[in-house]
Amino acid sequence: MWGIDMIGPIEPKASNGHKFILVAIDYFTKWVEAASYSVVTRSIVVKFLKRDIICHYGIPAHVITDNDTNLNNKMMTELCEQFQIRHHNSTPYRPQMNGAVEAANKNIKKIIRKMAIGMKCYPTHYMGIGPPCELTPERPLLPSLRTEAVLPIEIEIPSLRVLAEAELEDVEWIQQRHDQLNLIEEKHLTALCHGQLYQRRIKNAFDKKVKPRTFMTRDMVLKKVLPNARDSREKWAPNYEGPYVVKHAFSGGALLLTDAEGHDLKYPVNTNSVKMFFP
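The sequence shown begins at 1 in UniProt numbering and counts up one residue at a time.
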């Protein structure tokens with residue numbers, strides 16, 4: 001499963017005119033792919049998914065994006081139907097629904113602040129050679145490409161690992177590589193168990209601070225006015241609108257709402273964006 005999001009526009013833009021970055025992350029390995037563009041159109045998104053994800057790592061079972069039109073369009077739908085990919089949308093104004101790629105975006109922005117903005121392209125390959133992450137005990141490159149990364153400094157000043165591999169005969173190196181590949185499934189299972197335990201630990205710590213809010217079908221609620229909603233009254237505009245009726249309440253906190261005329265809202269909303277209405 002991959003999550004895809006966009007960063008930008010970045011100001012000032014790069015010397016080649018690029019001011020947007022498309023970011024994709026594998027939810028299991030935490031491997032990040034990123035590419036910069038001057039504009040991000042629907043055809044560029046489809047090309048990025050096909051060239052940088054499908055051709056390199058195979059066909060993903062699921063893809064999660066936000067609700068931008070360049071990530072949700074006919075070309076994207078046709079590509080997903082062609083390769084039998086299930087395309088999911090995150091809840092609007094709920095970044096936690098696509099949390100892994102949002103976390104990757106945050107790290108990329110930190111790196112960009114420390115680097116020259118005028119670079120021609122963003123060094124995406126450095127993302128996978130850092131220290132192990134909390135969610136999986138391995139570096140992202142190992143479960144993604146089945147091998148450990150060799151850092152440039154290890155070539156200039158040979159490390160023990162590089163020296164040991166340099167002395168191996170071809171037959172010994174091939175056998176060592178086969179042994180690594182035979183153990184990769186075990187490493188995947190270990191990473192999966194480690195990730196589940198880590199997520200459970202984080203969830204328990206978060207749930208201690210959360211006051212549960214439950215909504216039932218046919219409850220009447222008011223929906224928070226989202227920041228992009230244009231209103232001539234500006235600061236005098238109401239903070240909530242409605243009332244709406246809860247058509248369906250999902251276990252994850254998403255709600256399907258209908259208005260007073262019985263029309264369904266286009267997108268689900270999270271319980272954080274609504275409050276109970278008492279007529």
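Positions of the beta carbon are idealized from the N, C-alpha and C atoms, including for glycine.
Continuous beta strand (DSSP E) stretch holding residue i: start and end
i	result
T258	254–258
S43	S43 -> not in any beta strand (DSSP E); alpha helix (DSSP H) instead, spanning 42–48.
L22	20–26
E241	240–249
A34	32–37
I64	62–65
Start and end residues, alpha helix (DSSP H) containing residue i
i	result
K74	74–83
R213	Premise fails: R213 is in no alpha helix (DSSP H) and is neither H nor E.
V225	It is not in any alpha helix (DSSP H) - V225 carries neither H nor E in the DSSP assignment.
residue 280	An answer regarding residue 280 cannot be provided, because it is not within the stretch 1 to 279 covered by the chain.
Inter-residue Cα distance where the pair is residue i and residue j
i	j	result
K13	K74	29 Å
L49	F277	43 Å
H56	Y244	45 Å
H125	E33	Low per-residue confidence applies at H125: pLDDT is 43, beneath 50, and the placement is therefore not dependable, though the value from the model is reported in the following sentence. In a straight line, the C-alpha of H125 is about 8 Å away from that of E33.
H263	Y240	18 Å
L163	E156	12 Å
K110	A103	11 Å
residue 295	C193	The structure shown does not extend to residue 295, since the chain is modelled only from 1 through 279, so no value can be given for it.
F250	D219	14 Å
Same chain, Cβ closer than 6 Å to residue i, neighbours up to 5 away in sequence not counted
i	result
L256	K247, H248, P268
C80	H87
A100	G3, I25, Y27
Proximal residues to residue i (C-beta, below 8 Å), its chain only, five neighbours per side dropped
i	result
M1	D26, Y27, F28, P60, A61, H62, V63, I64
P9	K19, F20
CA nearest to the CA of residue i, picked from the options
i	options	result
G252	M76, Q175, K203	K203
G242	A260, A254, L226, M76	A260
N70	A164, V46, K275	V46
K224	E167, A205, V39, K275	K275
I54	T214, Y37, T258, Q84	Q84
K211	T271, V171, R218	T271
L222	Q196, N105, G195, T258	T258
Any C-beta of chain C under 8 Å from that of residue i
i	result
V39	Among the chains of the structure shown, chain C does not appear; only one protein chain is present.
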